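Note sheet for the following structure.
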Amino acid sequence: MKITVIGTGYVGLVSGTCLADVGNDVLCLDVDANKIRILEEGGIPIYEPGLEAMVRKNVAAGRLRFTTDVAAAVAHGTIQFIAVGTPPDEDGSADLQYVVAAARSIGKHMSDYKVVVDKSTVPVGTADKVRAAIAEELQSRGATIDYSVVSNPEFLKEGAAVDDFMKPDRIVVGAEDVRAADLMRQLYAPFQRNHERLIVMDVRSAELTKYAANAMLATRISFMNELANLAEKLGADIELVRQGIGSDPRIGYHFLYPGCGYGGSCFPKDVQALVRTAREAGQGLKILQSVEDANEEQKFVLANKIVKRLGEDLSGKTIALWGLAFKPNTDDMREAPSRVLIGELFKRGAKVRAYDPVATHETQRIYGDEPRLAYATTPMDALEGADVLAIVTEWKEFRAPDFEAIKAALKTPAIFDGRNLYDPAHPRAAGLEYFAIGRK
Numbered sequence: 003m004k005i006t007v008i009g010t011g012y013v014g015l016v017s018g019t020c021l022a023d024v025g026n027d028v029l030c031l032d033v034d035a036n037k038i039r040i041l042e043e044g045g046i047p048i049y050e051p052g053l054e055a056m057v058r059k060n061v062a063a064g065r066l067r068f069t070t071d072v073a074a075a076v077a078h079g080t081i082q083f084i085a086v087g088t089p090p091d092e093d094g095s096a097d098l099q100y101v102v103a104a105a106r107s108i109g110k111h112m113s114d115y116k117v118v119v120d121k122s123t124v125p126v127g128t129a130d131k132v133r134a135a136i137a138e139e140l141q142s143r144g145a146t147i148d149y150s151v152v153s154n155p156e157f158l159k160e161g162a163a164v165d166d167f168m169k170p171d172r173i174v175v176g177a178e179d180v181r182a183a184d185l186m187r188q189l190y191a192p193f194q195r196n197h198e199r200l201i202v203m204d205v206r207s208a209e210l211t212k213y214a215a216n217a218m219l220a221t222r223i224s225f226m227n228e229l230a231n232l233a234e235k236l237g238a239d240i241e242l243v244r245q246g247i248g249s250d251p252r253i254g255y256h257f258l259y260p261g262c263g264y265g266g267s268c269f270p271k272d273v274q275a276l277v278r279t280a281r282e283a284g285q286g287l288k289i290l291q292s293v294e295d296a297n298e299e300q301k302f303v304l305a306n307k308i309v310k311r312l313g314e315d316l317s318g319k320t321i322a323l324w325g326l327a328f329k330p331n332t333d334d335m336r337e338a339p340s341r342v343l344i345g346e347l348f349k350r351g352a353k354v355r356a357y358d359p360v361a362t363h364e365t366q367r368i369y370g371d372e373p374r375l376a377y378a379t380t381p382m383d384a385l386e387g388a389d390v391l392a393i394v395t396e397w398k399e400f401r402a403p404d405f406e407a408i409k410a411a412l413k414t415p416a417i418f419d420g421r422n423l424y425d426p427a428h429p430r431a432a433g434l435e436y437f438a439i440g441r442k
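All letters in the sequence shown, in the order written, are residues 3 to 442 by our numbering.
Here is the structure:
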């Protein structure tokens, strides 16, 4: 099938590459000429395990190409994926200007039937705006051309996106006509050989499904974070509580790990957007507003623990920081808890010496030549001259450190663990003070 993907960001590039990998002819469009240059030179503008090799393989095979030519991209694909950014507006709602602009481009240049697929995470009712934008462009041209608008939300985890696309739990398609639904079934047939994973529903239900899924996962995280804070006050151990409730099959173990708050491009934005959507519809979402509020507070927990141990004035102190990205296996720093912690430490006069396997470059882009922030090349290098160690990202290489070496390197032998990586007995046996989230 001939497919056009508009937007070569995280969702667009992963989707386009995976669709090419099963034999489709994919053309990816982006207005950012620098992104297209990087892709044509064999690089990728994001970090995602396994993606770069897959891009190169499919480019070499001639199944995956990149362009800045809007007219050529619209002419290419019967199926047109819109996978552009939907950043939050100041009021928390999703900014749809890039989605609508993409729709207008399709309407301006299309000459035959198109299935226009909203792949970006968008509020309920966006498909109507996309349909209207295309109709306006066609009307201004005096053209009468059939088209369908479909919602096909992505369910990709950063760090495991290629696997998620190639082996999906479910494929949600919101379609209002049989022709479009049948084309989407054909498109996704290679990804569901052993059993049916495709769920067809109306467009608005598909749009809401994406927000509902992320909101539910965010709710579980904030719930566990609040329980962890309570466990500390009650003298209970949240890890034992997690095992106790997770063993109930009605609850399960997924997303029950407390920590220093969630971040990234999805959960914060989608929770805020869903709250805003509900408000516009005259419906309050009290639970979700509390989820958001609890998460914002949780991002300060690690800084508060450091201040409680070292004092309010951290002038002359250097804090070693393991992890910068909002989660492992990505370089995404959007809404990352590390940014809140760094800001709180700077505010109190501290310097930070940080290590992250892949997010250093992105952090440097954000902070520039900030003199209070230094970057280490290894986890142990981050401890050089540091007073204490804080951990905010659960990278695998942090899971089994040499606690004796950590104690020897730190001026104050203390670890502030925002991801509960260790059994508290192990660092304490090495003579380290260990401050985790909700651990006894």
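Beta carbons are placed, not taken as given, at the ideal position from N, Cα and C, and that holds for glycine. Bear in mind that the values here come from a model prediction, so they are computed numbers and not experimental data.
Residue i versus residue j: straight-line alpha-carbon distance, rounded
i: Ala-74; j: Leu-258; result: 47 Å
i: Arg-421; j: Ala-392; result: 10 Å
i: Val-484; j: Val-118; result: What the structure shows of the chain is the stretch from 3 to 442, and residue 484 is not part of that stretch, so it cannot be assessed.
i: Gly-351; j: Gly-237; result: 32 Å
i: Ala-177; j: Arg-430; result: 57 Å
i: Phe-387; j: Tyr-357; result: At residue 387 the sequence reads Gly, which differs from the Phe that was named. Computed Cα separation, rounded: 14 Å.
i: Ala-63; j: Gly-144; result: 39 Å
i: Pro-192; j: Glu-198; result: 11 Å
i: Met-3; j: Asp-179; result: 19 Å
i: Leu-229; j: Ser-292; result: 14 Å
i: Glu-139; j: Ile-108; result: 8 Å
i: Leu-385; j: Lys-442; result: 26 Å
i: Tyr-213; j: Asp-383; result: 41 Å
i: Gly-94; j: Glu-406; result: 46 Å
i: Asp-27; j: Ala-217; result: 35 Å
i: Thr-10; j: Thr-70; result: 11 Å
i: Leu-98; j: Gly-25; result: 31 Å
i: Gly-265; j: Val-342; result: 11 Å
i: Glu-282; j: Ala-137; result: 25 Å
i: Arg-367; j: Arg-181; result: 46 Å
i: Glu-54; j: Phe-167; result: 15 Å
i: Val-72; j: Arg-39; result: 16 Å
i: Ile-439; j: Glu-314; result: 20 Å
i: Val-394; j: His-256; result: 19 Å
i: Tyr-424; j: Ala-411; result: 19 Å
i: Asp-404; j: Val-86; result: 44 Å
i: Lys-443; j: Glu-396; result: Residue 443 lies beyond the range of the chain shown here (3 to 442); nothing can be said about it.
i: Pro-260; j: Glu-399; result: 20 Å
i: Ala-215; j: Leu-158; result: 12 Å
i: Ala-22; j: Lys-116; result: 19 Å
i: Arg-278; j: Gly-318; result: 43 Å
Cβ separation of residue i and residue j, assumed to be a contact under 8 Å, to the nearest whole Å
i: Leu-41; j: Phe-68; result: 5 Å
i: Lys-413; j: Gly-433; result: Contact doesn't hold; Cβ gap of about 14 Å is too wide.
i: Asp-389; j: Ile-321; result: 7 Å
i: Ala-275; j: Ala-96; result: 5 Å
i: Leu-15; j: Ile-46; result: 7 Å
i: Asn-227; j: Ala-163; result: Going by Cβ atoms, the distance from Asn-227 to Ala-163 rounds to 25 Å, so no, they are not a contact pair.
i: Ala-327; j: Val-360; result: 7 Å
i: Ile-201; j: Arg-172; result: 6 Å
i: Asn-154; j: Val-124; result: Not quite, the Cβ-Cβ distance comes to about 11 Å (not below 8 Å), so this is no contact.
i: Val-7; j: Cys-30; result: 5 Å
i: Leu-323; j: Ser-340; result: 7 Å
Segment limits, beta strand (DSSP E) that includes residue i
i: Val-7; result: 4–8
i: Tyr-436; result: 435–437
i: Ser-122; result: From DSSP, Ser-122 is part of no beta strand (DSSP E); its letter is neither H nor E.
i: Thr-128; result: Per DSSP, Thr-128 belongs to no beta strand (DSSP E); it is in the alpha helix (DSSP H), 128–143.
i: Lys-353; result: 353–357
i: Ser-292; result: First-last for Ser-292: 288–300, but that is the alpha helix (DSSP H), not the beta strand (DSSP E).
i: Tyr-149; result: 149–153
i: Ala-392; result: 390–393
i: Gln-82; result: 81–84
i: Phe-68; result: 66–69
i: Met-203; result: 200–203
Burial state of residue i, where buried means 16 or more other Cβ atoms lie within 10 Å
i: Gln-300; result: buried
i: Thr-88; result: buried
i: Ile-417; result: buried
i: Leu-290; result: buried
i: Lys-169; result: exposed
i: Tyr-149; result: buried
i: Pro-294; result: The sequence shown places Glu at residue 294, rather than the Pro named in the question. Flag for Glu-294 reads buried.
i: Asp-333; result: buried
i: Asp-419; result: buried
i: Glu-209; result: buried
Extent of the continuous alpha helix (DSSP H) run through residue i
i: Gly-176; result: Run containing Gly-176: none in the alpha helix (DSSP H); it sits in the beta strand (DSSP E), 173–176.
i: Thr-279; result: 269–282
i: Gln-99; result: 99–111
i: Val-164; result: 163–168
Segment contact flag, the region 306–314 with the region 369–380, C-beta cutoff 8 Å, min 3 pairs: no
Meets three-Cβ-pair contact criterion under 8 Å: the region 96–104 and the region 128–135: yes
Touch test, the region 236–256 against the region 272–288, Cβ-Cβ under 8 Å, three pairs minimum: no
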